[in-house]
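Under the numbering used here, the first residue of the sequence shown is numbered 181, with each subsequent residue one higher.
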Amino acid sequence: MSANPLAPSWLAVPDDANGLPAAVWSRNAARSESGELTIAGVGATALAERFGTPVYVVDEADVKARAAGIRASFDREFARVGSAAKVYYAGKAFLSTEVARWVTDAGLNIDVASGGELAVALAAGVDAARLGLHGNNKSLAEIDRAVGVGVGAIVIDSRIEIERVADAAQRHGRVQPVRLRINSGVHASTHEYLATAREDQKFGIPLADAADHVALIRAHPSLQFLGLHSHIGSQIFESDGFAEAARRLFALHAELLEGGPVPELNLGGGFGIAYTSVDEPLSIDEIAVRFADIVAGGAAELGIPVPVVAIEPGRSIIGPSTTTLYTVGTIKDVLVDGAATRKYVSVDGGMSDNVRPSLYGADYSVRIANRASDAEPALVRIAGKHCESGDIVVRADYLPSDVRPGDLVGVPATGAYGWAMSSNYNYLARPPVVAVLDGEARVIVRGETEEDLLSRDMGVTR
Ligand code: LLP
181 MSANPLAPSW LAVPDDANGL PAAVWSRNAA RSESGELTIA GVGATALAER FGTPVYVVDE
241 ADVKARAAGI RASFDREFAR VGSAAKVYYA GKAFLSTEVA RWVTDAGLNI DVASGGELAV
301 ALAAGVDAAR LGLHGNNKSL AEIDRAVGVG VGAIVIDSRI EIERVADAAQ RHGRVQPVRL
361 RINSGVHAST HEYLATARED QKFGIPLADA ADHVALIRAH PSLQFLGLHS HIGSQIFESD
421 GFAEAARRLF ALHAELLEGG PVPELNLGGG FGIAYTSVDE PLSIDEIAVR FADIVAGGAA
481 ELGIPVPVVA IEPGRSIIGP STTTLYTVGT IKDVLVDGAA TRKYVSVDGG MSDNVRPSLY
541 GADYSVRIAN RASDAEPALV RIAGKHCESG DIVVRADYLP SDVRPGDLVG VPATGAYGWA
601 MSSNYNYLAR PPVVAVLDGE ARVIVRGETE EDLLSRDMGV TR
């Protein structure tokens, strides 16, 4: 079959429109003998019947394996260069108490970006010493709580925060370990909103001002300087940007060593994942090899010891684990420019459960989940049910052309920044998050009900 002219140039007609490319789907996603999608041995139909749709289905073993895998790769590679690595899971990608326990049991620390994320990690029973707190505008209350419970690191993002954290530490009679976030000026090749180290943005401190800031930190007896921090952006596929950021930070790191200890260097997160079959992210193993080489090489060049490196991946641990199941409601064949037809398949969720396509133009892929089909592939657009034409779940993919109302469809790789950025737009209730493992399914975050939606409206009379 030839490609539909409305399809983007990167999208090929698949050989098998039922196929589940391993790079995109969670590790335990498969087709049963009958052709149904199963995840960790649980069928899509059973999931939809029991939990309704939309539903986020998390492949628990996948998350645990990725968390353990990243730990093992970085341990191995940094041991090779005579140092060690600390891995923080960036909870902003998706945090619940269960997930917090999965990743800490796998040996990871957790990076939290607000008082709310801190509360979830603490509610999970995570040792505060394994938490790092981020944010360009932490409130005094957030700083106070973080210091009070004894978080292992606070990433200082502005001059004004040095005093705020120092005061809180003094009040609590603690010495608070801190990092200093640097804006390295590196332009990561990703969406503008996801790039966090260009000059003209709100995060971090310019390289040129960093030494002064570190001197201020060192002057406070209630603060302990851990080292510099850089996060260049998110969904990054190449290691060049990290290498450049590390190179820029290294010169400063070496200079700072002259004034006292600088035990660590934090290079942030941002490792990309595959959302469609044409995405080819680096493997975590390869990233670990390159990071160790970059850091060891930089240290050798400057004649300084290889620092302990901290990283903060979120998406690469949780993103590939989750599939969102939707039910198809309506279908329209829309003739575009009198030339070609695009099949609009509308589902029972949309930008409220996954805002990434509308916010960033992010591409996803889709498969029919309740059955396999031999019908010719047809170009589809999966649309949501919100009152906006930009409410798109999957901009372009091919599905068997007999896709029909009542079918279930699965959208893979929705684990990062899906539930985390969900909303109640149009008063849609947030879907539940269901973990599947070894043939069993259980709710780890319950879905919202109509009662939840009304519960904060003070004018409800009955
Ligand atoms: N560390 C810091 C300081 C960060 O700001 C972030 C992400 C991470 C680590 C984790 O990055 P990851 O490994 O997950 O890429 N909502 C956007 C992504 C925003 C990322 C914000 N910061 C999206 O949906 O693509």
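Using N, Cα and C, we set each Cβ at its ideal position, and we do this for glycine too.
Assigned with DSSP and collapsed to three states, valine 394 falls in helix.
Cβ atoms of leucine 311 and isoleucine 290 come within 8 Å of each other, at about 5 Å.
Distance from the CA atom of leucine 387 to the CA atom of glycine 407, rounded to whole angstroms, is 13 Å. Inclusion of valine 475 and valine 486 in the CB contact set at 9 Å is warranted, their separation being smaller than that value. Judged by beta-carbon spacing, asparagine 198 lies within the 9 Å limit of isoleucine 548, meaning their Cβ atoms are closer than that value. Scanning Glu631, Ser569, Glu556 for the CA closest to the CA of aspartate 196 turns up Glu556.
In this structure, the CA atom of arginine 281 is about 32 Å from the CA atom of valine 574. Glutamate 444 carries a strand assignment under DSSP once its states are collapsed to helix, strand and coil. Distances between the C-beta of methionine 601 and the heavy atoms of ligand 1 include at least one below 8 Å. Look at glutamate 492: its beta carbon is less than 8 Å from one of the heavy atoms in ligand 1. Under DSSP, tyrosine 578 shares a beta bridge with Leu559. Here proline 201 carries a coil assignment [DSSP, helix/strand/coil].
Serine 526 sits in a strand when the DSSP states are folded into three classes.
Under DSSP, the beta-bridge partners assigned to proline 592 are Thr503. When the Cα atoms are used, valine 394 and valine 358 turn out to be separated by approximately 10 Å. With respect to arginine 211, aspartate 239 sits apart: the two C-beta atoms are not nearer than 9 Å. Taking the CA atoms as reference points, isoleucine 572 sits about 6 Å from glycine 564.
For valine 267, the closest of Ala558, Ile491, Thr502 by C-alpha to C-alpha distance is Ile491.
Relative to the Cα of valine 613, the nearest Cα in the group Glu216, Ala519, Pro234 belongs to Pro234.
According to the DSSP assignment, tyrosine 540 belongs to the alpha helix (DSSP H) that extends over 536–540. Beta-bridge partners assigned by DSSP to arginine 547: Gly590. Per the coordinates, the alpha-carbon of phenylalanine 274 lies some 30 Å from the alpha-carbon of alanine 346. In summary, leucine 482 is exposed, with fewer than 16 beta-carbon neighbours lying within 10 Å of its beta-carbon over all protein chains present. Following the DSSP letters along the chain, one finds leucine 217 inside the beta strand (DSSP E) bounded by residues 217–219. Straight-line measurement puts the Cα of alanine 203 at about 8 Å from the Cα of glutamate 460. By the Cβ test, the region 521–528 is not in contact with the region 249–261, since fewer than three Cβ pairs between them sit closer than 8 Å. Note on the region 285–355: whole beta strand (DSSP E) runs with a minimum of 3 residues are 289–292, 311–313, 333–336, in chain order. Tyrosine 455 carries a coil assignment under DSSP once its states are collapsed to helix, strand and coil. The beta carbon of alanine 220 lies closer than 6 Å to those of Asn208, Asp239, Val616, Leu617 in the same chain, with the five residues before and after it left out. For glutamate 460, there is no enclosing beta strand (DSSP E), as DSSP gives it neither H nor E.
In this structure, phenylalanine 451 has its CB closer than 8 Å to one or more heavy atoms of ligand 1. It is roughly 20 Å from the alpha-carbon of tyrosine 455 to the alpha-carbon of threonine 507. Runs of the beta strand (DSSP E) lying entirely within the region 242–292, each at least 3 residues long, are 265–270, 289–292 in chain order. A heavy atom of ligand 1 is found nearer than 8 Å to the CB of tyrosine 597. With 16 or more other Cβ atoms from the protein chains shown falling within 10 Å of its own Cβ, lysine 272 counts as buried. The C-beta of glycine 305 has fewer than 16 other C-beta atoms within 10 Å across all chains shown, which makes the residue exposed.
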